[in-house]
Amino acid sequence: MDGDQSAVKPRQLLSVGDGIVLICGMVIGAGIFKAPSIVAGNTSSGTEFILAWVFGGLVSLCGALVYAELSSRYPETGGEYAFLSRGLGRGVGFVFAWSRMSVIQTGAIAAVAFVFGDYASEMLRLGDKSPAIYAAIAVVALTALNVVGTLESKTLQKGMQYLLFAGLAFIAVAGLVAGSPGKPATPSPQASFGLAMIFVLLTYGGWNEAAYLGGEVRDARRNMMRILIGGILTVTVLYILVNLGYLAALGLGGMKESKAVAADVMRVVVGEKAVVLLSLIVCLASLTTMNAAIFTGARTTYAMGQDFRFFARFGAWREAGSTPANALLLQGAICLLLVAASSVTPDGFTAMVAYTSPVFWTFFLLTAVTLFIFRTRTGERPAFRVPLYPVIPLAFLAACLYMLYSSINYVRFAVEFGVPVLAGLAIMAAGIPLYFFVRGK
380 MDGDQSAVKP RQLLSVGDGI VLICGMVIGA GIFKAPSIVA GNTSSGTEFI
430 LAWVFGGLVS LCGALVYAEL SSRYPETGGE YAFLSRGLGR GVGFVFAWSR
480 MSVIQTGAIA AVAFVFGDYA SEMLRLGDKS PAIYAAIAVV ALTALNVVGT
530 LESKTLQKGM QYLLFAGLAF IAVAGLVAGS PGKPATPSPQ ASFGLAMIFV
580 LLTYGGWNEA AYLGGEVRDA RRNMMRILIG GILTVTVLYI LVNLGYLAAL
630 GLGGMKESKA VAADVMRVVV GEKAVVLLSL IVCLASLTTM NAAIFTGART
680 TYAMGQDFRF FARFGAWREA GSTPANALLL QGAICLLLVA ASSVTPDGFT
730 AMVAYTSPVF WTFFLLTAVT LFIFRTRTGE RPAFRVPLYP VIPLAFLAAC
780 LYMLYSSINY VRFAVEFGVP VLAGLAIMAA GIPLYFFVRG K
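My numbering runs 379 ahead of the 1-based position in the sequence shown.
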């Protein structure tokens, strides 16, 4: 089997420009319409607010370079699941797959669903729990479409991405040109730069997927770094411009109080009619992001079902429509439970970020460790190696440690979100005894 897989290699068709466009598409999503208001609430000035986004770009670049080397070592396998299994053992790989199924991916889907809910509620409210109702509807509808076997349309995905870019560019220009002094920020005793960075780096999320382009890039040894640097710099510049537009139109205080910051900018700059159009664009962008996450997340659960007999039911493939239907249904059910649980918190999006972040950063940290382990082993030199080793991997490792600490610190700085933090960690920990139970099954 391994011999057959190694005989088939991806074709190296991607140019540097292709790679940069793909990275921008993978990273830029609905989070930029929601996270900035929370970041504003955890920074003390406009300068600190913008520096948070610059720092986020640097951390993302370091991480992308680390992942590029890891994926060039094992381009044919399944990302973090493979890196952790090969570097730290099959048990760690299992706990990651379990956590991705129950916390990381499902929590991310639920978080984006709440972004959809917040902006859909700008157009038509469905009562006090309107964002949660819309979030649940989106989860059910997109899960059903994937179960039936609706194929993702590349044309639709590209079209939505161009709409998203156009919307962001318009916000940046409109906010900067028509900006006013805005509302000054009132310092919050609960503000924390670490908490701000959690939401900044959430918005930069996706570069870990982008690093898997290595096997399809022309002259990867030379061009992979150009693609990663070019792509993440492009995203960073766009994010900084958009946030400068937010600041110019609303001020740090106005951003902090906003539930739908992009809509509020349009309300100030253009008027109520533009709010409806922008809210529609954000809703469509959120659905696009959710659909991609639902599609890929179910494939991880399916793979775990293939590797562990205990989960074999979820490793079944539905011939009609060619989908992992059982894995999709399980994932959808978990997402609905998370949406329901988050609906009783002050903000569903923030609750889901609190739930996923400690687990997410735990495995990012462990994945960074595997690079040092692989470097000590003899074997074939990978097509791409991290420059300035070990400085860049150590910088990323330090950032992961800081983010793990900051995400757990939710319990101290945001007591209302302490339960999601502890719940995510407890479910991750439950994967340890579960592994010993299922490995012999």
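We treat Cβ as the ideally placed atom computed from N, Cα and C, and that holds for glycine.
In the structure shown, what three-state DSSP assignment does L393 receive?
-> In the structure shown, L393 sits in a strand (DSSP, three-state: E or B).
Hey, T735 and A487: beta-carbon distance below 8 Å or not?
-> yes
Would you call the region 437-447 and the region 642-660 touching, i.e. three or more CB-CB distances under 8 Å?
-> no
Bounding residues of the alpha helix (DSSP H) (the contiguous stretch that carries M669) | E651 to D686
Pair every Cβ in the region 618-635 with every Cβ in the region 411-419, then say whether three or more of these pairs are closer than 8 Å.
-> yes
Measure from the alpha carbon of T746 to the alpha carbon of each residue in C441, G466 and T422, then state which is nearest.
-> Considering only alpha carbons, the answer is G466.
Alpha carbon to alpha carbon, what distance is there between A720 and A733?
-> 13 Å
Can we count T729 as close to the ligand SAH, meaning its CB is less than 7 Å from some heavy atom?
-> Summarising the ligand content, the structure contains no ligands, and the ligand SAH is consequently not present.
From the DSSP output, in three-state form, read off V438 for me.
-> Residue state, collapsed to three classes: helix.
Proximity below 8 Å, CB of I411 to CB of L547 | yes
Classification of F816 by the beta-carbon crowding that lies within 10 angstroms, buried from 16 upward | exposed
Residues that DSSP places opposite T735 in a beta bridge = Answer by DSSP bridge pairing: none, since T735 is not bridged.
Could you spell out where the alpha helix (DSSP H) holding E759 opens and where it closes?
-> First-last for E759: undefined, no H or E at that position.
Take the Cβ of A386 as the centre, count every other Cβ of all protein chains shown within 10 Å, and call the residue buried at 16 or more, exposed below.
-> Interpretation of A386 is limited by its pLDDT of 42, a score under 50 that renders its predicted location unreliable; the figure taken from the coordinates is listed afterwards. Answer is exposed; the Cβ neighbour count stays below 16.
For S385, does the three-state DSSP call read helix, strand or coil?
-> Confidence at S385 is low in this model, with a pLDDT of 37, below 50, so its placement is unreliable and the value that follows should be read with caution. The answer is helix: DSSP assigns S385 an H, G or I state.
For the alpha helix (DSSP H) that contains G468, what are its first and last residues?
-> Per DSSP, G468 belongs to no alpha helix (DSSP H) and is neither H nor E.
The region 487-502 contacting the region 766-781, beta-carbon criterion three pairs below 8 Å = The count of Cβ pairs closer than 8 Å, one atom from the region 487-502 and one from the region 766-781, stays below three, leaving the stretches out of contact.
Determine which residues share a DSSP beta bridge with V596 and list them.
-> L393
Note the first and the last residue of the continuous alpha helix (DSSP H) segment covering R504.
-> That residue, R504, is in no alpha helix (DSSP H); it is neither H nor E in DSSP.
Counted within 10 angstroms of its Cβ, other Cβ atoms place L393 as buried (16 or more) or exposed | buried
Taking all protein chains shown into account, do 16 or more other C-beta atoms lie within 10 angstroms of the C-beta of D598, making it buried, or fewer, making it exposed?
-> Within 10 angstroms of the beta-carbon of D598 lie fewer than 16 other beta-carbons, which makes it exposed.
Run through DSSP, which three-state label would T702 get?
-> strand
Compute the Euclidean distance between the alpha carbons of I606 and L505, then round it to the nearest angstrom.
-> 44 Å
Spatially closest choice to T668 from V494, S424 and T422, by CA coordinates = V494
Do L626 and F753 have their CB atoms nearer than 8 Å?
-> no
For the candidate residues L804, N421, T755 and I811, whose alpha-carbon lies nearest to that of S571?
-> N421
Could you check what DSSP says for Y814 in three-state terms: helix, strand or coil?
-> helix
Which whole-angstrom value is the C-beta distance of V738 and M807, which I expect to be below 8 Å?
-> 5 Å
Since Y453 contacts N587 with CB under 8 Å, what's their CB separation in whole angstroms?
-> Actually they are not in contact, since the Cβ atoms of Y453 and N587 sit about 14 Å apart, beyond 8 Å.
L773 to F763 span [Cα, whole Å] = Roughly 18 Å separates the two Cα atoms.
Among K508, L804 and T755, which one has its Cα closest to the Cα of P769?
-> T755
What is the residue span of the alpha helix (DSSP H) that M480 lies within?
-> Neither: M480 is in no alpha helix (DSSP H) and is coded neither H nor E.
Where P510 and T485 are concerned, what is the direct C-alpha to C-alpha distance, given to the nearest angstrom?
-> 17 Å
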